[in-house]
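These notes are about the structure you will find just below.
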Amino acid sequence: TGLYKCACLKWEEVSIMDEKNIPIRTYQVCNVLEPNQNNWLRTDWIPRSGAQRVYVEVKFTLRDCNSLPGVTGTCKETFNLYYHESNEDRESYIKESSFIKVDTVAADESFTQVDVGDRIMKLNTEVRDVKVTTRKGFYLAFQDVGACIALVSVRVFYKTCPLTVRNLATFPDTITGADTSSLVEVRGSCVNQSEEREEPKMYCGADGEWLVPIGGCLCNPGYEERGGACKACRAGFYKAKSTDPGCAKCPPHSHSLRDGATICDCHAGFFRADTDPPSMACTQPPSAPQQLISVVNETSVVLEWTPPHRLGGRSDTSYSLECLICQTGSHSHTGGRFCAPCGSDVLFSPGQTGLTTTRVVVSELRAHTHYTFIVHARNGVSQASGAGAAQSVSVSVTTNQAAPSPVSSIQATDVTRHSLSLSWQQPDRPNGVILEYEVKFYEKDQRERSYRIMRTFSRSVDVTGLNPLTVYVFHVRARTAAGYGEFSTPFEFSTNSDPFPLIGEGVNSAFLLLSVSGVGILLLISAAVFIISRRRSKYSKTKQDSEEEKHLNPGVKIYVDPFTYEDPDQAIHEFAKEIDVSSIHIEKVIGMGEFGEVCSGRLRVQGKREIYVAIKSLKAGYSDKQRRDFLSEASIMGQFDHPNIIRLEGVVTRCKPLMIITEYMENGSLDAFLRKHDGQFTVIQLVGMLRGIASGMKYLSDMNYVHRDLAARNILVNSNLVCKVSDFGLSRVLEDDPEATGTYLSPGGKIPIRWTAPEAIAYRKFTTASDVWSYGIVMWEVVSYGERPYWDMNNQDVIKAIEEGYRLPAPMDCPVVLHQLMLDCWERDRAERPTFSQILNMLDKLIRNPGTLRTILESGVGSEVCVAVIPEMCVPEWSLCEWLQSIGLERYRDTLAAAGYTSLDSLLCHLIILQMLLFVLIGYLFCICRLYIKEGCNLL
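Structure below.
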């Protein structure tokens, strides 16, 4: 509709009948006899309405030129389609040149005059698309160039992608793009009660079809998808999260009374913990533990019980113990008994709270004391229910008599050449009336091979008949009606020396005063020199002395490297015992080693009791090198005999598979054991573990042996918490070296960077001092309960940090003295590190004086604490002025400065020379005095 017939252009509006005899209006033209026809027919202005591409559908009829006689050369069977864009309908006349041609249209079917007479109409339909994007509307025009044609209808339209809902997102009607290949991106909007999972998008294609759905929406909690919309969950159902697939039925013991529930409420008497998911059934607190049994053994009590009859539908039941000391008194509130909490000195094994086992050993109790133990059962909903205090059972016991605890400290007074007086405090836990004390003492060099015993009823004793200038070791223990307790730890005291042999009875008192004064001045200067120089080399002299003592003592056993044997079987038979395979009963596999499986089992040797053992086997298909390396570890272990070194029971080499049999350590490796029991040990227990490791390493160093791989993973723990050094795969013998006694130059290979000393990393040079560095890392691992040294730093960062002076900080709750000992082990100069003997002495002192372990670094800042492994003074780095003030000679500061002494180091050199001159002078005077004494002269 709306066709506009231009004047004088020979298009005519004619009414005709269609094939159904319905009259229709058409525009016709048939000037075929005249050449060069140019007949135009234009439409009215058509608004674009936002379309970028419109489609023109033309229905027309066309007469076959062959049916027209005498029109050869002037008749055409096509017409042209044009368009022109315009913003307004004001253009009454448009130039032909302003129109843009769309296409030349030809008919698929044509008709003849006979066809028309027979009223058979052959209607053609053609569609063309036009890109219209620059104006608000456009005109269409049809050009006839000499055809016999009738336009029946012209339909103009554009395409849209219809309104639709995909993935819970609504996409509106969208007009297609301008190009036939273009896609229009459309962002959808989530339907009601839904939220975006991922931005919903689709593309509208040129043909009006939606393509490529991306993203979508999810129904909100409490709603699910039904029929392309989000509908509320019905009563009795719930949906907790939008990502849940749909509404679910309420779990057991819960309900929902309204539509759209996000969680189901628990029934009365049932609860849900904060950490329980909404899909979990509501549960109840457990009932009280059952059948609590107590077994008293002197001052220890073993408590055992069975789990509650009702666990409440949960699997996280745990137990805690409450310990009360009860006594009868007038101030009691109920039943004539007054109960107070037990002290912190009571020990619970494996613990007091958070227990998953049903057996606890309570020790360190008082003798002849009434105790009440309450066992509480709790689970995840006990706190939520408010009924935690009701799920408990109690038992009352009375401890028996017991031997007293060891004496903690001993003091010596009135020390002379042949006697001294000892005194001590009563044991911390006497466990009754002390009837007697026993004192055992011996010379330190005798090592308890020959000792004496003294008994006394008081807390002091005079010891006589001692040798002059001799170190004695003393032990004290107490006795009650229950018997003797354990001896105290050793305390060492030395007697005084004899009078100087050069001074006779006839020596004048003035000469004696002169001698004493001279010696006093000499000792003062020597002490100053010694104290200052000692700060500069804290360990070097002691280390040298210990090494010299090792070589001067002919009784020390020296380790033999099995790799020096040409035949490895010779070494294995020399250092390890062959075991008959029939004596071994393998029970289960407990791990995989480098060479094969590691199993646990039992060993029964004739004439001995059956013991549990660990069995390492060599896997099949081994090479000669693997066999040699496998047996060499047994050859190494077979040379050691120490309670803190893993014990070799024997080997199996006469049949396959080859086996190494060692003692069985129930608690496995130390690092895993500590991580499993994080925070469950006291500081004294941790120091006891470290003491065992240090004792084992001292034994190895005394044998001239370097471990090279000392780490918590290579320390094994038995059921009594005894730590033993193991895994000698990287260990090698120490060879003589002119620079450092006992070094090993590694030919290469992997080394554990986080545990290895800097000189061992840089130069592959391993010594006992490098083992001391590794021991410091082990100390850090133990106090931090198995945390990884240097955390997530890579190996290169660790090496760089150590070179720049970084050292591991103190772990949480680490006593200052332990961290200082770690730092001493991590001295850059290996000569400055302590020996294992010094470390062992230091740990023994800490165990004897646990008060030193109470100072803890807080937030990385601690109070100033002076710690020394060697039993000497800790001296700060003094300036010359400070040193003069300390000895009362600050008035000479300007004089010394004028003489060129500006530092303590410059004065130190001259003091040493003066000391040597004084030694020569005093020696000369003593020679003269002796000569005069022999001649009987009056020296004065």
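The UniProt record's numbering puts the first residue of the sequence shown at 1, with every later residue one more than the last.
Cβ atoms here follow ideal geometry from the backbone N, Cα and C, with glycine treated the same way.
The criterion of a C-beta distance shorter than 7 Å is not satisfied by LYS131 and ARG42. Scanning its chain for C-beta atoms nearer than 6 Å, with the 5 sequence neighbours on each side dropped, one finds around GLU492 the residues VAL471 and VAL473, in chain order. Here CYS655 is exposed: its Cβ has fewer than 16 other Cβ atoms, across all protein chains shown, within 10 Å. Across the set SER15, GLY236, ASP462 and ILE847, the C-alpha of ASP462 shows the shortest separation from the C-alpha of THR413. The shortest CA-to-CA distance from HIS368 to any of THR358, THR399, ASN297 and LEU674 is the one to THR399.
According to the DSSP assignment, TYR158 belongs to no alpha helix (DSSP H), since it is labelled neither H nor E. Counting C-beta atoms within 10 angstroms of its own C-beta, TYR93 has fewer than 16 neighbours from the protein chains shown and is therefore classed as exposed. Counting the other Cβ atoms within 10 Å of the Cβ of ILE558 gives fewer than 16, which makes it exposed. In the structure shown, SER194 adopts extended strand secondary structure according to DSSP, grouped into three states.
ILE46 and VAL156 do touch by the CB rule: their CB atoms are close to 6 Å apart, below 8 Å. Three or more Cβ pairs closer than 8 Å define a contact, and the stretch 600 to 616 falls short of that threshold against the stretch 672 to 683. The criterion of a C-beta distance shorter than 7 Å is satisfied by LEU853 and LEU846. The residues GLN193, SER194, GLU195, CYS230 and SER242, in chain order, have a CB closer than 7 Å to that of ASN220 in the same chain once the five nearest residues on each side in sequence are set aside. Taken through DSSP and simplified to helix, strand or coil, CYS65 comes out as helix. Closest option to ASP64, judged by alpha-carbon separation, among LEU211, ILE802, SER110 and GLU88: SER110. The beta carbons of PRO289 and ALA377 sit closer together than 7 Å. Apart from sequence neighbours up to five positions away, the residues of its chain that approach PHE237 with a beta-carbon distance below 8 Å are CYS247, ALA248, LYS249, CYS250, SER256 and ALA261, ordered along the chain.
In the displayed model, LYS136 falls within coil according to three-state DSSP, outside both helix and strand. Pairing ALA571 with PRO562 gives a Cβ-Cβ distance under 7 Å.
Contact annotation: the stretch 84 to 99 does not touch the stretch 55 to 70, with fewer than three C-beta pairs closer than 8 Å. No residue range can be given for LYS122, since it is assigned to no beta strand (DSSP E) and is classified by DSSP as neither H nor E. Bounds of the alpha helix (DSSP H) holding ARG691 are 683 to 702.
In terms of Cβ geometry, GLY146 and VAL32 form a close pair [threshold 7 Å]. With contact defined as three or more Cβ pairs closer than 8 Å, the stretch 20 to 36 and the stretch 124 to 139 are not in contact. With a cutoff of 7 Å on beta-carbon distance, GLU633 and PHE728 are scored as near each other. As DSSP reads the structure, PHE926 sits in no beta bridge. By the neighbour-count definition (other C-beta atoms within 10 Å, threshold 16), LYS698 is a buried residue. Taking all protein chains shown into account, SER701 has 16 or more neighbouring C-beta atoms within 10 Å of its C-beta and is therefore buried.
Two segments are said to touch when three or more pairs of C-beta atoms, one from each, lie closer than 8 Å; by this definition the stretch 827 to 838 touches the stretch 756 to 775.
Remark: C-beta atoms of LEU618 and LEU658 approach each other more closely than 7 Å. DSSP places ASP797 within a helical segment (H, G or I) once states are collapsed to three. Ranked by how close their Cα comes to the Cα of SER279, the residues PRO286, SER254 and HIS267 have SER254 in first place. For GLN606, no beta strand (DSSP E) encloses it, and the DSSP letter there is neither H nor E.
In this structure, GLN28 sits away from ALA106, with a CB-CB distance that is not shorter than 7 Å. Under the DSSP definition of a beta bridge, ASN400 lacks any partner. For VAL816, the uninterrupted alpha helix (DSSP H) segment begins and ends at 816 to 825.
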